[in-house]
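Below you'll find the structure, written out as structure tokens, and then a few comments.
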Amino acid sequence: MQLGSVVFHKTWRTWLWPLTRYRYSNRPLIEALRTYLGDRTMGEFWKADPPMDVVITMHDLVENRTRFVKPWKEEYARFPVWKAVLASSSVPTYFPVVDGRYVDGGVGSYANPCYIAAYEAAFCLDWDPTETTLISIGTGRAPGGLKPGEASRFFAWQWIAPILDAFIGDASDQQVRLVQQFFPELDFRRFQIDLETSIPMDDPTALPELTRLGERLGQMILNDETDPKVARPAGKAGAAS
Numbered sequence: 021m022q023l024g025s026v027v028f029h030k031t032w033r034t035w036l037w038p039l040t041r042y043r044y045s046n047r048p049l050i051e052a053l054r055t056y057l058g059d060r061t062m063g064e065f066w067k068a069d070p071p072m073d074v075v076i077t078m079h080d081l082v083e084n085r086t087r088f089v090k091p092w093k094e095e096y097a098r099f100p101v102w103k104a105v106l107a108s109s110s111v112p113t114y115f116p117v118v119d120g121r122y123v124d125g126g127v128g129s130y131a132n133p134c135y136i137a138a139y140e141a142a143f144c145l146d147w148d149p150t151e152t153t154l155i156s157i158g159t160g161r162a163p164g165g166l167k168p169g170e171a172s173r174f175f176a177w178q179w180i181a182p183i184l185d186a187f188i189g190d191a192s193d194q195q196v197r198l199v200q201q202f203f204p205e206l207d208f209r210r211f212q213i214d215l216e217t218s219i220p221m222d223d224p225t226a227l228p229e230l231t232r233l234g235e236r237l238g239q240m241i242l243n244d245e246t247d248p249k250v251a252r253p254a255g256k257a258g259a260a261s
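Going by the working numbering, 51 is the number at position 31 of the sequence shown; the sequence numbering is gapless.
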């Protein structure tokens, strides 16, 4: 919470956006990450006792694919953890592209990593799904907000936000349904909270509200109140609706 106003420090770049390439310098974020993570590399997770598996997603714009940065992959063994986290945090238009090619892994289908985690546990680590619990915690479901007929009056640029929300929301729920459908023996629990209003990702003044929502979600986890909106089983052709 103390770093919010430091990482999202508003400068001329912020006020002039979208005339600038991005809103915030990533230097404060880099300094914070290096302070807490040091020079640790991804491979060190796997060399620990016991070995620890970590998957960090980042999107490679040069190769146009999502990279799954894992400690047991040789190509990422010497990759700095701070840089992997930086790339995975670099939302386009908010922060600059990392190394000229890497941005937030959530721009693809993997903003919700629950399917990646299930796949990793079952097929990479050979964990027994009947002895495995996977807990997925959402960051809040965006509210609707549009009134009937409102979209009919949209100009071209006004479509950007609702279309992005649709892509991100549907992709997130899709990952949950994939886990439910293809890993039925897994003890999978998805927890999500519905937001009352949209909260900008770069607003440090919203931290008290985010804390309140986090405490509420924490209570839902203690009560095992999973997300009912993605608990519906897949339908079958010809079945009664």
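Glycine is no exception: its CB is placed at the ideal position from the N, C-alpha and C atoms.
Pick from the options that is closest to residue i, judged by C-alpha positions
i    : options                   : result
S147 : V118, V27, E205 and W177  : Note on residue identity: the sequence assigns Trp, not Ser, to residue 147. Checking every option, the nearest Cα to that of W147 belongs to E205.
L237 : P100, E51, R43 and G160   : G160
A68  : P48, R47, A97 and R87     : A97
P133 : Y122, G158 and T113       : G158
G120 : T231, L198, E235 and D80  : D80
V26  : E51, F187, S129 and Q200  : E51
L23  : W37, C144 and L49         : L49
N46  : T34, R85 and I155         : T34
I213 : I180, T231 and F203       : T231
I188 : A141, I241, F174 and P163 : P163
L39  : T113, T225, R209 and Q194 : T113
S156 : A107, D193, K30 and S108  : D193
R41  : E216, A171, V111 and T86  : V111
V101 : T55, T86, N84 and Y139    : T55
Exposed unless 16 or more other CB atoms sit within 10 angstroms - verdict on residue i
i    : result
G28  : It should be noted that the sequence gives Phe, not Gly, for residue 28. F28 is buried by the Cβ-count criterion.
K103 : buried
D244 : exposed
K90  : buried
L145 : exposed
S109 : buried
L53  : buried
F99  : buried
Bridge partner(s) assigned by DSSP for residue i
i    : result
I155 : R209
Y122 : D80 and V118
G222 : Checking the sequence, you will find Asp at residue 222 rather than Gly. For D222, which the question treats as bridged, DSSP gives no partner whatsoever.
D214 : R161
Beta-carbon gap between residue i and residue j smaller than 9 Å
i    : j    : result
V82  : A137 : no
V196 : V250 : yes
Y122 : M62  : no
D59  : F65  : no
I128 : A186 : Correcting the residue identity first, residue 128 is Gly in this sequence and not Ile. Result no, Cβ atoms of G128 and A186 do not sit closer than 9 Å.
A92  : P71  : It should be pointed out that residue 92 corresponds to Trp in this sequence rather than to Ala. In this structure, P71 lies closer than 9 Å to W92 by Cβ.
G165 : S218 : yes
R210 : T153 : no
Y44  : F115 : yes
F203 : P149 : yes
V199 : Y130 : no
L242 : L215 : no
G125 : A107 : yes
V105 : L57  : yes
(request) Please specify which runs of the alpha helix (DSSP H), each continuous and at least 4 residues long, are wholly inside the stretch 129–184, giving them in chain order. (result) Counting only runs that start and end inside the stretch 129–184, the alpha helix (DSSP H) elements of at least 4 residues fall at 134–139.
(message) As an exercise, report each continuous beta strand (DSSP E) stretch of at least 3 residues that is fully enclosed by the stretch 30–102, in chain order.
(response) Scanning the stretch 30–102 from its first residue to its last, the whole beta strand (DSSP E) runs of 3-plus residues come out as 76–80 and 85–89.
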